[in-house]
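Below: one structure, written as structure tokens.
Chains as they are written, first to last, in UniProt numbering: chain A, 1 to 332; chain B, 1 to 332.
Okay, structure coming up:
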């Protein structure tokens, strides 16, 4: 038998188990030109919340009563396609199913010897690439500048900060617990951390942690933390709007202070960043990240939850900040 | 005798005559190395409102009890400086005084034969350069794209739209009267115009005027018009935040919808633009604008008010949209 996870209805506000449905089906067979895949590691990511809304975005919304998809590492258990052989491991955008078939399009064969399989949906996958290309393409980070990162203990944020240190910048991270702040400083080499949950005035806390102001702000959370960061930006500062997890569950259009006069006064830029816009730069990013990984220049953290049935809960837990680093579900 | 205009107190909300004070002084004499200048044309600009606030910005605030300054075209009436001779005309950042001395620093000698003197604080001055470099440096406007401009009948906006047409784009302008909209279409060659004062739903009006969406939005006004423009932006759209006249007189921090999720979804960029950041590009901009002007490729409009005493009122009238094109005060 096979199992798949279906979007039963669209979340209003915070997602819950009610939004998902497990559906048992037959195990499919690989037809001519196809491969049969067995899921091993499934990535759950905050951006998936956006795809659960029925609205236009950079990728189409998930359809009701159809399986959800995300980045998955899978094993080829049967192949009728010359590009793949049984026992290969692949990564790609796949459906939340234990078994599925594919014509191989969009899948990459990955090397189990070079890095653990789970790394291919983390540091060597979209999260690592997002950190690298966001800084490279939009942040244009220069030696000696101050880099501020929110969601700093998350999958993307922890890589962002380490790249900042590799580029000889001062790096300050914002995260939601003292334990996470300790990890930022001890494991990821951040210069300082701010626990937003016990901070009364973010603007002042950022000012204290960044006495020379902020040159680049890598934003994974949006909302009031973004406002506080912008108040601390230096002239010609750059904001990489990579995520806005604090707003994803909002039921109404969130309001906040208007930013346009500040943008003008400080010649600031804010730019929405979606890693999918930079496909042609993926190989260079993976090469650089792989080198850093090989030379122990970069660390990563994973929260691995076991069991296919745990996928929805692992996704829900992202919004409580229950993950450290990349949240991954191990299927088998 | 001489006359100067002093900042008596800082406006709260809309500026009024009470904020200004006329002060009679002696006519100064040019010392060794100096020139004596007589003001001819004085530029009044919305951005001066920002300098009347006591807060950090891209240029320092005006000081209380001291003269205000702006772009001025003046005649050299006496020279003890080898770089200037009596009868020369210059443009530069000068004080609101009938007569003043200068060591010549920052002043450009201008050519009365090439263009009327007033053009040097308009189309060939900061306003023309702002339009040109804003589009060039941040808008990166490409042939066939749709360009939306607010404050379109103003000094900067009317040039922005014409450059858009010269670059083979579809150009839509937003302005505050039917007469202004007619001018945009008949004199400045805009494809369409929206009178925001008789529009109930800006978002829908922009959608109708820009059926292919907006690629570049040149914003001179900020506020709700900016929100409506952003709702109509295409993927990879660019917002040039050049001005926010709708907010300059606000007494409290204005609020509005949060934009970060939209920036991410559409890979949009918003960038604060201050022409002073691009000094090194001024000569190229002036050269291009001068060529267009010589070949009748570009039109400009001026609202010229007569009399030194009218400077404060002309400035105040900017916020009522009483100008068409560049607002200029003719002193003598």
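Quick reminder that beta carbons are idealized off the backbone N, C-alpha and C, glycines included.
Model, not experiment: these values are computed from the prediction.
Whether residue i touches residue j by CB criterion (8 Å)
| i | j | result |
| --- | --- | --- |
| residue 184 of chain B | residue 173 of chain B | yes |
| residue 267 of chain A | residue 274 of chain B | yes |
| residue 84 of chain A | residue 104 of chain A | yes |
| residue 74 of chain A | residue 39 of chain A | yes |
| residue 242 of chain A | residue 215 of chain A | no |
| residue 6 of chain A | residue 66 of chain A | yes |
| residue 3 of chain A | residue 308 of chain A | yes |
| residue 124 of chain B | residue 131 of chain B | no |
| residue 157 of chain A | residue 171 of chain A | no |
| residue 43 of chain B | residue 68 of chain B | no |
| residue 94 of chain A | residue 36 of chain A | no |
| residue 324 of chain A | residue 180 of chain A | yes |
| residue 13 of chain A | residue 208 of chain A | no |
| residue 26 of chain B | residue 80 of chain B | no |
| residue 151 of chain A | residue 240 of chain A | no |
| residue 286 of chain B | residue 121 of chain B | no |
| residue 155 of chain A | residue 199 of chain A | no |
| residue 318 of chain A | residue 60 of chain A | no |
| residue 330 of chain B | residue 306 of chain B | yes |
| residue 142 of chain A | residue 278 of chain A | no |
Assigned secondary structure, residue i (DSSP; H/G/I helix, E/B strand, else coil)
| i | result |
| --- | --- |
| residue 3 of chain A | strand |
| residue 118 of chain A | helix |
| residue 309 of chain A | helix |
| residue 124 of chain B | coil |
| residue 159 of chain A | helix |
| residue 278 of chain B | helix |
| residue 36 of chain B | strand |
| residue 316 of chain B | helix |
| residue 334 of chain A | Given a span of 1 to 332 for chain A in the structure shown, any question on residue 334 of chain A remains unanswerable. |
| residue 418 of chain B | Since the first and last residues shown for chain B are 1 and 332, residue 418 of chain B lies out of range. |
| residue 290 of chain A | helix |
| residue 208 of chain B | helix |
| residue 199 of chain B | coil |
| residue 78 of chain B | strand |
| residue 298 of chain A | coil |
| residue 255 of chain A | strand |
Below-8 Å beta-carbon distance, residue i vs any chain B residue
| i | result |
| --- | --- |
| residue 336 of chain A | The displayed coordinates of chain A run from 1 to 332. Any statement about residue 336 of chain A would go beyond what the structure contains. |
| residue 255 of chain A | yes |
| residue 277 of chain A | yes |
| residue 247 of chain A | yes |
Which residues DSSP lists as bridging residue i, in chain order
| i | result |
| --- | --- |
| residue 239 of chain B | B:217, B:270 |
| residue 174 of chain B | B:150, B:194 |
| residue 73 of chain B | B:41, B:91 |
| residue 100 of chain A | A:37 |
| residue 52 of chain A | In DSSP, residue 52 of chain A forms no bridge with anything. |
| residue 329 of chain B | B:42, B:305 |
| residue 137 of chain A | Bridge partners of residue 137 of chain A: none, in fact. |
| residue 402 of chain A | Since the first and last residues shown for chain A are 1 and 332, residue 402 of chain A lies out of range. |
| residue 20 of chain B | B:7 |
| residue 109 of chain A | A:90 |
Proximity test, Cβ basis, 8 Å: residue i and chain A
| i | result |
| --- | --- |
| residue 201 of chain B | no |
| residue 45 of chain B | no |
| residue 243 of chain B | yes |
| residue 94 of chain B | no |
| residue 226 of chain B | yes |
| residue 222 of chain B | yes |
- prompt: Just by C-beta distance, which residues in the stretch 257-274 of chain A are closer than 8 Å to chain B?
  reply: 257, 258, 259, 260, 261, 262, 263, 264, 265, 266, 267, 268, 269, 270, 271, 272, 273, 274
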